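A.B. asks: Chains as they are written, first to last, in my numbering: chain A, 46 to 342; chain B, 947 to 1237.
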């Protein structure tokens, strides 16, 4: 009897371990298939020409496969959106965690969660039909579908990530620190700025990086709102074509396993590497500066 | 000195008041953004909603008619995705929370999950195309789309399940083990039933997330238009998010179908936000009961 139980025990343990490895397996499969379909493009262009080539004319004869303008577009929308989402996200997190009464916090928190739940295609649609004409009138520019509009929409997609992760970080700061600061005569504000924020800095940095990682990988918003011109932008009101937009809009027309098809997969590899880097940096910060009790501050 | 202390104190308090209002303003902006987006979609979309819109397929090259095939397609895809992701996700969370001991192995698994969560949706789309559609020869189909969405929802399910498992007090486990139950019996009979409401909440969130995704299904499941309802999991389908995108960017008459676009967007956010709201309310009640 006991023996049978032990066998069940061991089987279940192994079974759960095998299933838990599914995520790792999936990650590797994604890499393998991306590379399998992306690498063949490098028979046509060198890695250097692909990444630093300024011209993306995949359907011309002969075609040009240079994705520099797509990379620059992705980085610029991400950075510009971060300028909006970082302050808004962190300030909101501080407000919920430190200042708002419990009741107010319980209203704002679900609102941020619902903001995160809005489908990206709806935000893209909103940016396209309402924000774009608005920007066009206000700034008197040829098109409202541009870098600035895309960044604005992306910002509201990364705010929830930045806000909720920052809030967790702020919550994990031990109360004794706050009490000590207040007891020394510091105001509530001074306590937040000089004690709570420094103590939760690593968690907030992780939040910011993950928020930016979400922005750089977001597809529908940049596909519908960024304007789609594969040019290196000179102003924030220029239309751009970030990497995900290029993949999403061209894959349907690229003939199966043509150079264009492989080039789009290779663009996917570049995008994948960017987000992987963001995630590894975030993971590194989270573990290296992990707060264990109060002694590590 | 003794004179300046009160005035310094006043200045500090004044500064605090101003800065706190800046914080308050920031959180208001978020709420306002949500409100404005939902308001415009509802205000412009509700006129398009009627019985025909909800129960008929599109007609006249998608300039008239309804969105029934899109609703059905989105339900098939998101429920299919969760049927795939839930068993794997829950089992992974059980391993991580109940069996695994801290060490390099678990660190690697967690790193894998975190990275999976960070992969852009369009990259999942590419993977689904290369692996499910082409390599496994599933073609553009519900099953290929559901598998792709399932892979994408996995980290969400693992995360919410882990939270639910962590909320089960250790005393429950100790009591069960103390009565002579094995670990598996404890998990199956004590831990899982207690954590079930939390796991279901996570599942609802997972379905709603999957229902709103566009990029992963663009190459794997969704098509511009199909006149027939799906009859098997190997059929291609229409889907709400993709329908919005198609009508708004590539339709034959973008301006003329504006009301249909708003209507479809309204149905989609009604589905997604509705599920989220249920999950959020349910979870906050659950948390209160736990305390």
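Ideal Cβ placement from N, Cα and C applies to all residues, glycine included.
Everything numeric in this text was worked out from a predicted model, so none of it was measured.
Beta-carbon of residue 1171(B) versus every beta-carbon of chain A: anything under 9 Å?
C.D. replies: It does not: the Cβ of residue 1171(B) has no partner Cβ on chain A nearer than 9 Å.
A.B. asks: Drop a sphere of 10 angstroms on the beta-carbon of residue 909(B), count the other beta-carbons inside from all chains shown, and report buried for 16 or more, exposed for fewer.
C.D. replies: Here chain B covers residues 947 to 1237 and nothing more, so residue 909(B) does not appear.
A.B. asks: Specify, as a first and last residue, the run of the alpha helix (DSSP H) that residue 294(A) falls within.
C.D. replies: Its alpha helix (DSSP H) spans residues 288-295.
A.B. asks: Can you check whether the C-beta of residue 340(A) is within less than 9 Å of a C-beta belonging to chain B?
C.D. replies: In this predicted model, residue 340(A) has a pLDDT of only 47, less than 50, meaning its place in the structure is not dependable; the value taken from the coordinates is given anyway. Chain B contact via Cβ: absent.
A.B. asks: On a Cα-Cα basis, can you pick out the residue from 1206(B), 1141(B), 1184(B), 1172(B) that is closest to residue 1229(B)?
C.D. replies: Ranking the options by Cα distance to residue 1229(B), first place goes to 1141(B).
A.B. asks: Quick check on DSSP: helix, strand or coil for residue 340(A)?
C.D. replies: Because residue 340(A) carries a pLDDT of 47, less than 50, the predicted location of this residue cannot be relied on, and the following value inherits that uncertainty. DSSP places residue 340(A) in coil when its eight states are reduced to three.
A.B. asks: Shorter than 8 Å, the distance from the beta carbon of residue 279(A) to the closest heavy atom of the ligand NAD, or not?
C.D. replies: The model on display carries no ligand, and the ligand NAD is accordingly not part of it.
A.B. asks: Please report how far the alpha carbon of residue 1043(B) lies from the alpha carbon of residue 1122(B), in whole angstroms.
C.D. replies: Taking the straight line from one Cα to the other gives about 17 Å.
A.B. asks: Run through chain B and tell me which residues come within less than 7 Å of residue 329(A), C-beta to C-beta.
C.D. replies: Under the 7 Å cutoff, chain B gives no residues; its nearest Cβ is about 10 Å from residue 329(A).
A.B. asks: So does the segment 1102-1112 of chain B actually touch the segment 1133-1149 of chain B, counting three or more Cβ pairs closer than 8 Å?
C.D. replies: Contact between the segment 1102-1112 of chain B and the segment 1133-1149 of chain B is present, because at least three Cβ pairs lie under 8 Å.
A.B. asks: Give the residues of chain B in contact with residue 57(A), contact being defined as C-beta atoms less than 7 Å apart.
C.D. replies: Simply 1130.
A.B. asks: Would you say residue 174(A) faces chain B, with C-beta separation under 9 Å as the test?
C.D. replies: Residue 174(A) counts as touching chain B.
A.B. asks: Under the rule that 16 or more other beta-carbon atoms within 10 Å means buried, what is residue 1188(B), buried or exposed?
C.D. replies: By the neighbour-count rule (16 or more Cβ atoms within 10 Å), residue 1188(B) is buried.
A.B. asks: Could you name the residues of chain B that residue 272(A) contacts, counting a contact when the two beta carbons are closer than 7 Å?
C.D. replies: Neighbours of residue 272(A) on chain B: none; closest Cβ ~12 Å, over 7 Å.
A.B. asks: How many angstroms separate the CA atom of residue 152(A) from the CA atom of residue 1128(B)?
C.D. replies: Between residue 152(A) and residue 1128(B), the C-alpha separation is close to 43 Å.
A.B. asks: Helix, strand or coil for residue 324(A) per DSSP?
C.D. replies: Residue state, collapsed to three classes: helix.
A.B. asks: Can you pull the DSSP bridge partners for residue 965(B)?
C.D. replies: BP columns for residue 965(B) are empty, so no partner.
A.B. asks: Out of 1019(B), 963(B), 980(B), 1136(B), state which residue places its alpha-carbon closest to the alpha-carbon of residue 156(A).
C.D. replies: Minimum Cα distance to residue 156(A) is reached at 980(B).
A.B. asks: Hey, out of 159(A), 270(A), 331(A), 218(A), whose CA is closest to residue 172(A)'s CA?
C.D. replies: For the residues 159(A), 270(A), 331(A), 218(A), the minimum Cα distance to residue 172(A) belongs to 270(A).
A.B. asks: Under the assumption that residue 264(A) contacts residue 1156(B) (Cβ atoms under 8 Å), give the Cβ distance between them as a whole number of angstroms.
C.D. replies: About 15 Å; that fails the 8 Å criterion.
A.B. asks: Okay, do the segment 313-323 of chain A and the segment 251-262 of chain A touch, 3+ Cβ pairs below 8 Å being the bar?
C.D. replies: Segments in contact, yes.
A.B. asks: Which value, in whole angstroms, describes the spacing of the CA atoms of residue 235(A) and residue 54(A)?
C.D. replies: Each residue's alpha carbon lies about 54 Å from the other.
A.B. asks: Starting from residue 1130(B) and walking both ways along the alpha helix (DSSP H), at which residues does that stretch end?
C.D. replies: Note, residue 1130(B): alpha helix (DSSP H), 1129-1132.
A.B. asks: Bridge partners for residue 1011(B) per DSSP, in chain order?
C.D. replies: Residue 1011(B) pairs with 1004(B).
A.B. asks: Indicate the three-state DSSP secondary structure (helix, strand or coil) for residue 110(A) in the structure shown.
C.D. replies: Looking at residue 110(A) - three-state DSSP - the assignment turns out to be strand.
A.B. asks: When the Cα atoms are used, what is the spatial distance from residue 1171(B) to residue 974(B)?
C.D. replies: Roughly 41 Å separates the two Cα atoms.
A.B. asks: Which class does residue 1026(B) belong to by DSSP, given the choice of helix, strand or coil?
C.D. replies: Three-state result, residue 1026(B): helix.
A.B. asks: Tell me which residues share the same chain as residue 987(B) and place their Cβ nearer than 7 Å to its Cβ, disregarding the 5 neighbours each side in the sequence.
C.D. replies: So the list reads 1208, 1211, 1212, 1215, once near-sequence residues are dropped.
A.B. asks: What residues match up with residue 1168(B) in a beta bridge as DSSP calls it?
C.D. replies: Answer is 1183(B), bridged to residue 1168(B).
A.B. asks: Where does residue 1233(B) land, buried or exposed, given buried means 16+ other C-beta within 10 angstroms?
C.D. replies: Residue 1233(B) should be labelled exposed.
A.B. asks: Here's the rule: buried if 16 or more other CB atoms are within 10 angstroms of the residue's CB, otherwise exposed. What is residue 307(A)?
C.D. replies: Buried, because 16 or more other Cβ atoms sit within 10 Å of the Cβ of residue 307(A).
A.B. asks: Compare the C-beta of residue 980(B) with all C-beta atoms of chain A and state if any pair is closer than 9 Å.
C.D. replies: Answer yes: the Cβ-Cβ gap between residue 980(B) and chain A drops below 9 Å somewhere.
A.B. asks: Let me see if you follow: with CB-CB separation under 9 Å, is residue 218(A) close to chain B or not?
C.D. replies: No, its Cβ sits nowhere closer than 9 Å to a Cβ of chain B.
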